[in-house]
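Chemist: Residue numbers (UniProt numbering): 1 to 428.
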């Protein structure tokens with residue numbers, strides 16, 4: 001072999017200088033530090049201390065890199081869950097107890113990383129298949145319609161809701177608070193079929209009811225002067241519940257700015273947030289590019305306005321719907337609201353896309369938190385205040401599950417009703 005051949009061979013052999021695990025560790029650091037929307041191959045290569053060519057040698061695309069990170073994260077959690085399951089080896093449903101306990105042991109950073117990976121792939125349904133399979137296997141084991149299984153399924157879904165809400169940044173829980181919720185979930189395993197204090201299954205209509213005759217919880221909505229709009233009525237209710245709404249409808253915005261926000265919203269609905277640029281908005285709105293930058297100096301400014309407009313629309317719609325049904329059985333109201341969201345899956349996906357965009361941008365996180373607090377406050381129209389956050393967490397878990405499944409639709413109304421009823425009855 002000539003000297004030149006040796007040199008070429010050495011160059012070929014040194015395309016990658018670190019292992020895949022080190023690259024994945026660097027990628028996770030970038031994701032946690034910079035968020036989904038600033039996660040690039042260039043940033044990962046810089047964090048790993050290798051050339052972009054060396055990175056692409058192992059991971060030719062960003063999607064492949066994220067999917068590999070997700071697979072590694074699922075394997076890590078599965079190993080932790082198996083270790084926790086061993087602690088409950090002599091108890092029924094040890095695997096579910098192990099799963100719940102493993103979530104309770106997760107560090108905040110680990111939870112944020114796992115949820116960040118999920119949101120990074122929300123628009124690549126095929127790449128989420130490992131996650132769908134992960135949950136499909138677990139939920140398939142929990143389909144029996146016995147009172148015990150209903151409690152176990154509720155514990156599983158409530159725990160997943162805590163995991164997702166904390167990972168998305170919608171709630172902040174210290175370790176003690178989260179452990180208390182995990183212990184509450186595990187306590188649902190304590191009651192046997194003969195001492196079912198939470199639920200009693202009725203085979204006639206496959207619904208869960210309390211052991212006593214159910215009575216709808218009712219409370220008065222604020223006294224609203226004649227002539228007030230539904231928006232003002234909603235804002236008054238939120239203020240009473242400690243939420244200061246910042247969302248504004250387009251009618252309160254400068255006409256040119258409102259046109260820009262409306263156009264930006266349409267682009268997001270049609271093409272996703274990744275397609276949103278000042279130039280794209282200017283072209284579609286038939287206005288000069290300078291007008292978009294005059295009203296919204298940065299893309300974050302524009303997203304801020306889109307988010308506030310979306311919150312106002314969502315707030316008024318949800319409050320109107322709950323207010324109209326405030327005298328109905330709360331379990332039906334909450335169940336129907338979940339089914340309503342699932343049936344309009346494309347709009348639901350866009351709402352959650354805005355959520356995840358806000359979470360990855362520090363300047364927008366307060367708006368995402370306001371949206372979450374708005375949901376909890378409006379749920380209080382039909383439930384006791386103490387039940388609103390747990391029920392909102394459960395409902396959010398159903399929405400996330402529906403988004404992961406997209407059009408597979410494995411969440412029938414009966415399943416949602418059973419879970420909502422068991423949790424609602426616990427607070428009556």
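Cβ coordinates follow ideal geometry from the N, Cα and C atoms, glycine included.
Confirm, please, whether the CB-CB distance from residue 102 to residue 84 is below 8 Å.
Modeler: To locate residue 84, count along the chain shown from 1; it is residue 84. To locate residue 102, count along the chain shown from 1; it is residue 102. Their beta carbons are under 8 Å apart, which means residue 84 touches residue 102 by this criterion.
Chemist: Would you say residue 167 and residue 114 are within 8 Å of each other, going by their C-beta atoms?
Modeler: Here residue 167 refers to the residue found at position 167 of the chain shown. Here residue 114 refers to the residue found at position 114 of the chain shown. Yes, the Cβ-Cβ distance between residue 167 and residue 114 is below 8 Å.
Chemist: With residue 69 and residue 106 assumed to form a contact (beta carbons below 8 Å), what rounded beta-carbon distance in angstroms separates them?
Modeler: One-based indexing of the chain shown puts residue 69 at position 69. One-based indexing of the chain shown puts residue 106 at position 106. 16 Å between Cβ atoms; not a contact.
Chemist: For residue 52, name the three-state secondary structure that DSSP assigns.
Modeler: Taking the chain shown and counting its residues from 1, the one referred to as residue 52 is at position 52. Note: residue 52 maps to helix in three-state DSSP.
Chemist: What separation, rounded to the nearest whole angstrom, lies between the Cα atoms of residue 139 and residue 234?
Modeler: Counting from one through the chain shown, the residue named residue 139 turns up at place 139. Counting from one through the chain shown, the residue named residue 234 turns up at place 234. Near 37 Å, if we compare the C-alpha coordinates of residue 234 and residue 139.
Chemist: With a 10 Å radius around its C-beta and 16 neighbouring C-beta atoms as the bar for buried, classify residue 23 as buried or exposed.
Modeler: Walking along the chain shown from the start, residue 23 turns up at place 23. Classification of residue 23: buried, given that the 10 Å Cβ count is 16 or more.
Chemist: Output the boundary residues of the alpha helix (DSSP H) element that contains residue 419.
Modeler: In the chain shown, the residue the question calls residue 419 occupies position 419. Residues 413 to 426.
Chemist: Counting only runs that start and end within the region 54 to 127, where is the alpha helix (DSSP H) found for 4 or more residues in a row?
Modeler: Whole alpha helix (DSSP H) segments, 4+ residues: 62 to 87, 94 to 105 and 108 to 120.
Chemist: For residue 86, count the other beta carbons within 10 Å of its own beta carbon; 16 or more makes it buried, fewer makes it exposed. Which is it?
Modeler: Here residue 86 corresponds to residue number 86 of the chain shown, with the count starting at 1. Classification of residue 86: exposed, given that the 10 Å Cβ count is below 16.
Chemist: Report the option in 237, 262 and 290 whose CA atom is closest to the CA atom of residue 376.
Modeler: Within the chain shown, numbered from 1, the residue matching residue 376 stands at position 376. Considering only alpha carbons, the answer is 237.
Chemist: What does the Cβ neighbour count give for residue 204, buried or exposed, with the cut at 16 atoms within 10 Å?
Modeler: Along the chain shown, read from residue 1 onward, the residue named residue 204 stands at position 204. In this prediction, residue 204 has a pLDDT of 29, which is less than 50 and means its spatial position is unreliable; what the coordinates show is noted afterwards. So residue 204 ends up on the exposed side.
Chemist: By the 10 Å Cβ neighbour count, where 16 or more other Cβ atoms means buried, how is residue 311 classified, buried or exposed?
Modeler: Walking along the chain shown from the start, residue 311 turns up at place 311. Buried, by the Cβ-count rule.
Chemist: Taking DSSP as the reference, what is the three-state secondary structure of residue 271?
Modeler: Position 271 of the chain shown, counted from the first residue, corresponds to residue 271. Note: residue 271 maps to helix in three-state DSSP.
Chemist: If you count every other CB in all the chains shown that lies within 10 Å of the CB of residue 52, and 16 or more means buried, which is it?
Modeler: Here the question's residue 52 lines up with position 52 in the chain shown. Classification for residue 52: exposed.
Chemist: Confirm, please, whether the CB-CB distance from residue 391 to residue 379 is below 8 Å.
Modeler: Looking up residue 379 in the chain shown gives position 379. Looking up residue 391 in the chain shown gives position 391. Cβ atoms of residue 379 and residue 391: closer than 8 Å.
Chemist: Buried or exposed: residue 386, going by 16 or more other Cβ atoms within 10 Å of its Cβ?
Modeler: Along the chain shown, read from residue 1 onward, the residue named residue 386 stands at position 386. With fewer than 16 Cβ atoms within 10 Å of its Cβ, residue 386 is classed as exposed.
Chemist: What's the gap between the Cα of residue 217 and the Cα of residue 330?
Modeler: Position 217 of the chain shown, counted from the start, is the residue given in the question as residue 217. Position 330 of the chain shown, counted from the start, is the residue given in the question as residue 330. In this prediction, residue 217 scores a pLDDT of 44, lower than 50, which makes its location untrustworthy; the coordinate-derived value is nonetheless stated afterwards. Near 7 Å, if we compare the C-alpha coordinates of residue 330 and residue 217.
Chemist: What separation, rounded to the nearest whole angstrom, lies between the Cα atoms of residue 291 and residue 282?
Modeler: Residue numbering aside, residue 291 sits at position 291 when the chain shown is read from its first letter. Residue numbering aside, residue 282 sits at position 282 when the chain shown is read from its first letter. Their Cα atoms are separated by approximately 8 Å.
Chemist: Are at least three pairs of beta-carbons, each pair with one atom in the region 331 to 345 and one in the region 287 to 306, less than 8 Å apart?
Modeler: As far as the Cβ criterion goes, the region 331 to 345 does not touch the region 287 to 306, which means the pair count is below three.
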